[in-house]
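See structure below.
Number of protein chains: 4
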Amino acid sequence: MSQDQKRAEAIVEQMLAKDEFSRWLGIEVLVVKPASCICRMTVRDEMVNGFGVAHGGIVFSLADSAFAFASNTQGRIAMSIENGVTYPAPVHPGDRLTAEAHEESASNRLAFYRVQVTNQHDAIVGIFRGTVYKTKQEHP
Amino acid sequence: MSQDQKRAEAIVEQMLAKDEFSRWLGIEVLVVKPASCICRMTVRDEMVNGFGVAHGGIVFSLADSAFAFASNTQGRIAMSIENGVTYPAPVHPGDRLTAEAHEESASNRLAFYRVQVTNQHDAIVGIFRGTVYKTKQEHP
Amino acid sequence: MSQDQKRAEAIVEQMLAKDEFSRWLGIEVLVVKPASCICRMTVRDEMVNGFGVAHGGIVFSLADSAFAFASNTQGRIAMSIENGVTYPAPVHPGDRLTAEAHEESASNRLAFYRVQVTNQHDAIVGIFRGTVYKTKQEHP
Amino acid sequence: MSQDQKRAEAIVEQMLAKDEFSRWLGIEVLVVKPASCICRMTVRDEMVNGFGVAHGGIVFSLADSAFAFASNTQGRIAMSIENGVTYPAPVHPGDRLTAEAHEESASNRLAFYRVQVTNQHDAIVGIFRGTVYKTKQEHP
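Same order as they appear, the protein sequences are chains B, P, G and H. Each residue of the first sequence is one higher than the last, beginning at 1 in the working numbering. Each residue of the second sequence is one higher than the last, beginning at 1001 in the working numbering. Each residue of the third sequence is one higher than the last, beginning at 2001 in the working numbering. Each residue of the fourth sequence is one higher than the last, beginning at 3001 in the working numbering.
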């Protein structure tokens, strides 16, 4: 295993250990690589909104976690600046969601990510874009 | 109280009653008017991310709930199409957040909302924009 | 050539013929397919902003044209609802830009597009996301 | 006139002098203050898209110029990171558009702006959000 891959995995493990909200969501990290991450979770009854479908914040939060993990894999602490999200299809309790985050482009200080969220039928249920500011501080 | 105001309050009450995730967040609805809504919540320890500050999904979800309530107050069922969010300042456990949602503009089928999230010191911690598609279906 | 392909090409040809601003920009349509489009243009001196680099509106407009063409190829008139854009790298006069628009997801009424803009060195200089509302009206 | 006001006006004057594209658009700067700017332009026949209404890039570009001017008024060179735009109503040749840009929030390195574009009937025809990175470099 390369040093870059080891570092990526160590950082995400460390982040996830402290990430109480991702744990409440039931997020599992399936794959970590430098600048990318795949996460999964299952939607529970307590995650619905007033229409009985998954609250927008649930799809957003899963995508946001995958984005946070992916954008921190390369060593420098990355802070989220801005996010956008669209919901091509509704999500229901019991749905198993997979979020795939990857870097679309990066400069020295900024990086741009895309996260696609699909359900158990491979339908796209969320498209998320995120921008981070890469600080000069390294992960310990 | 006007008919419009009565309907706005009845719809939000009905939505909140079924909104399990907003209840988990501890969201209180303070003010409802046609096309606007003010909500409040207090950030708990279980809402943090891997950096020990509130997960981006928490600020997003509070804003998204205020947006959903506000955009449904006028009778027609409104579905979220797209959201954007920025985080001007970090949020910590114990912070008391207030989200104010109001309509910026609307056509027959679409409406555009802005939600500002502030903390107990009146600092802006979230700026959220949301677009809804207004269906032809009325709230019961 | 399939009927779908013929219709896609005819619609874009018709749109471009009336699109005075795309013509001022010098936009050439390289490839049209149902739900996708590739366009190209060269940045001129009169397209710079106060910093001497291409005005943000130039990259945006190229992407927006590619998005408009792509999202109208399937017959129904599609109206832009919302766009987001990021600029991973600056653009200079003389740069030759290529915009590739494709549909990421679609429902009956809405469709979500991504447009990537690259320069002559294949560096990404723009990432654009667009949402359209698909009207019931067909292109003539 | 305060020093801050003088500096704001001098910076925008300097930017506008080099901004060839804003001049092509016919943008006039009506008001400049620290962190805000009001601009105006009239839509011409050569600014339409394939539907005969103003190209999305026109409303975007006006808003983007107002945003660029406003976000540079305080001395430090500010670079646009990300923009979002929605179009509540169509724009036609002959329409006189006014864009009002103001800062919604700022930290040391980032600032968040909102720009509202209205037509001659005071109808909102564009809502634009922009984020800048504030470099350490000062305007000369």
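By construction, the Cβ of each residue, glycine as well, lies at the ideal position given by its N, Cα and C atoms.
For Val-2059(G), the three-state secondary structure derived from DSSP is helix. What Met-1047(P) touches in chain B, judged by beta-carbon distance under 9 Å, is Glu-20, Phe-21 and Trp-24, going in chain order. Between Thr-3131(H) and Glu-82(B), the C-beta gap is smaller than 8 Å, which places the two residues in contact. Chain B places a beta carbon closer than 8 Å to that of Tyr-1087(P), counting this residue as a contact. Ser-3022(H) and Ile-3011(H) have their C-alpha atoms spaced approximately 15 Å apart.
Annotated as distal: Phe-67(B) and Phe-1060(P), with beta-carbon spacing of 8 Å or more. The beta carbon of Arg-1109(P) sits closer than 8 Å to some beta carbon of chain G. Short of 7 Å from the beta carbon of Gln-120(B), and not among the five residues preceding or following it, lie these beta carbons of its own chain, in chain order: Asp-95 and Arg-96. Beta-carbon to beta-carbon, Val-3032(H) and Thr-3073(H) are separated by about 6 Å, close enough to satisfy the 8 Å threshold.
Met-2047, Val-2048, Asn-2049, Gly-2050, Gly-2052, His-2055, Gly-2056, Gly-2057, Ile-2058, Phe-2060, Ser-2061, Asp-2064 and Ala-2068: these are the residues of the stretch 2047 to 2068 of chain G whose beta carbon lies less than 7 Å from some beta carbon of chain H, given in chain order. Here Pro-3088(H) is buried, its C-beta having at least 16 other C-beta atoms within 10 Å. Not one beta carbon of chain P lies nearer than 8 Å to the beta carbon of Leu-97(B). Shown here for Leu-3062(H): same chain residues with a beta carbon closer than 7 Å to its own, the five before and five after excluded, namely Leu-3025, Ile-3027, Cys-3039, Met-3041, Leu-3097, Ala-3099 and Val-3117 in chain order.
Beta-bridge partners of Lys-2136(G) (DSSP): none assigned. Non-local C-beta neighbours of Asp-2004(G) in its own chain, meaning closer than 8 Å and more than five positions away in sequence, comprise Pro-2034 and Gln-2074, ordered along the chain. Residue contact check for Tyr-3133(H) against chain B: a CB pair falls below 8 Å. By the Cβ-count criterion, Gly-2052(G) is exposed, with fewer than 16 other Cβ atoms from all chains shown falling within 10 Å of its own Cβ. In the DSSP assignment, Gly-2126(G) is bridged to Val-2117(G). In this structure Lys-3018(H) does not touch Ala-3078(H) by the C-beta definition: roughly 16 Å separates them, more than the 8 Å allowed. Per DSSP, Ile-1077(P) lies in no alpha helix (DSSP H) segment; the continuous beta strand (DSSP E) that holds it begins and ends at 1076 to 1086. In terms of Cα proximity to Arg-2109(G), the closest of Ser-2065(G), Met-2015(G), Arg-2076(G) and Lys-2006(G) is Arg-2076(G).
When the beta-carbon positions are compared, Met-2001(G) and Phe-2069(G) stay at least 8 Å from each other. Within the stretch 1072 to 1086 of chain P, contact with chain G at the beta-carbon level (separation under 9 Å) is assigned to Ile-1081, Glu-1082 and Gly-1084.
Classified as exposed, Ala-1123(P) has fewer than 16 neighbouring CB atoms from the shown chains inside 10 Å of its CB. Taking CB atoms only, Ser-3105(H) has a neighbour in chain P less than 8 Å away. Annotation for Cys-1037(P): Ala-1066, Phe-1069, Ala-1070 and Ala-1101 place their beta carbon closer than 6 Å to its own, counting only its chain and skipping 5 residues before and after.
With fewer than 16 neighbouring CB atoms inside 10 Å of its own CB, Asp-3045(H) falls in the exposed class. Separation of Gly-3056(H) and Val-3048(H) (C-alpha to C-alpha, rounded to the nearest whole angstrom) is 9 Å. At least one CB atom of chain G sits nearer than 8 Å to the CB of Leu-3016(H). Exposure of Ser-2107(G) is indicated by the presence of fewer than 16 other C-beta atoms within 10 angstroms of its C-beta.
As computed with DSSP, Thr-42(B) is found in a beta bridge with Arg-96(B). Taking 8 Å as the cut-off, the Cβ atoms of Ile-2127(G) and Ser-105(B) count as close.
Looking at the DSSP output, Lys-3018(H) shares a beta bridge with no other residue. Contact check for Val-3125(H) and Val-3091(H): beta-carbon distance about 5 Å, within the 8 Å limit, so the pair qualifies. DSSP places Val-2091(G) outside any beta strand (DSSP E), giving it a letter other than H or E.
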